[in-house]
Structures are given as structure tokens and as C-alpha cells.
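For the sequence shown, my numbering begins at 518 and goes up steadily by one. These notes concern the structure reproduced below.
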Amino acid sequence: MGHGSAPTSHEDTVEDATARALTSRIARYLAGDDVSLRDVELDLSWATPFQRAVAEALRDVPRGEIVTYGELAALAGYPGAARAAGSFCAGNRFALLVPCHRVVGAAGIGGYGATGVGVKRKLLALESVVV
């Protein structure tokens, strides 16, 4: 085959199987099953060292647990950077995979970017967390 040819059917099958497996895991998570998405690889090459540290620290927060923005910043190695951690969460590109719904404000639930607090509450409820 020449340059620019379509992938082989085997490559399509492997990619399709991977996508189906991830879709199934996400569907199970949204149905309330205890499914971890921590092992899903993410391309964070675009992120600053701070953003990578926050994303990794957040991915380590277990299902059913919450942290404050200040605690998240400290877990990432940047104590005192609560506002910056909140800004990262507000622009999170990887909902569920980088579970910003597990981060709350010191005085309440906090925000959830453009998606809204209602969605955050529903995701937390799936994990048996009430804020």
C-alpha cells in the first residue's frame, strides 16, 4: 500500500476493542459500579509541571473520597496554590478520568466548570458522597 492508505482492519479492531472496553467501563461507572479509571493513559504533554502534578494527585484520590482545593494543591506538592488548583479543575479536559468532582471548596461544594454543580453532585452521589 502507498502512503496515506487506510489502517488495516486489524488496527481498526484493536482500536475499536479498546474504545469499546473504555466505553463499557465508563458506562459501568455511571451506573454506580465501583470502577477505577486511574489506569487510562492520558496525554498530558500540553500541561505545565503544576498541571501534571495536580492531575496525577487528583487521579490518586480514591472513589468515594473528597479533598479541598487546598488539600489537592498540597498533595500535588504546591501548598498554598488552592486557587490555581481550582482553575485547573475548572478547565479540566478529562472529566471522570481526572475526577475534579472529588474536589470541594473549604466552605462547601465549590464549582464544576461549565458543566455545573448539579452534575458534580450527581457524580459524587454515584460514589456515595453527599456534600
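Even for Gly, the Cβ is constructed at its ideal location relative to N, Cα and C.
By Cβ distance below 7 angstroms, which residues in the same chain neighbour residue i in space, the five residues on each side in sequence not counted?
i, result
"residue 551", "580"
"residue 637", "618, 626 and 629"
Going by C-alpha distance, which of the options is nearest residue i?
i, options, result
"residue 641", "627, 553, 619 and 633", "619"
"residue 633", "607, 645, 549 and 572", "607"
"residue 568", "636, 594 and 643", "594"
"residue 563", "624, 609, 578 and 635", "609"
By a C-beta neighbour count over all protein chains shown, 10 Å radius and 16 as the cutoff for buried, is residue i buried or exposed?
i, result
"residue 616", "buried"
"residue 574", "buried"
"residue 621", "buried"
"residue 547", "exposed"
If we call anything under 8 angstroms between Cβ atoms a contact, is residue i one with residue j?
i, j, result
"residue 646", "residue 602", "no"
"residue 623", "residue 587", "yes"
Which same chain residues end up closer than 8 angstroms to residue i when comparing Cβ atoms and leaving out the 5 residues on each side of it in sequence?
i, result
"residue 614", "554, 557, 559 and 576"
Does DSSP put residue i in a helix, a strand or coil?
i, result
"residue 595", "coil"
"residue 534", "helix"
"residue 636", "helix"
"residue 540", "helix"
Near residue i, which residues of its chain fall below 6 angstroms by C-beta distance, leaving aside the five closest residues on each side in sequence?
i, result
"residue 532", "none"
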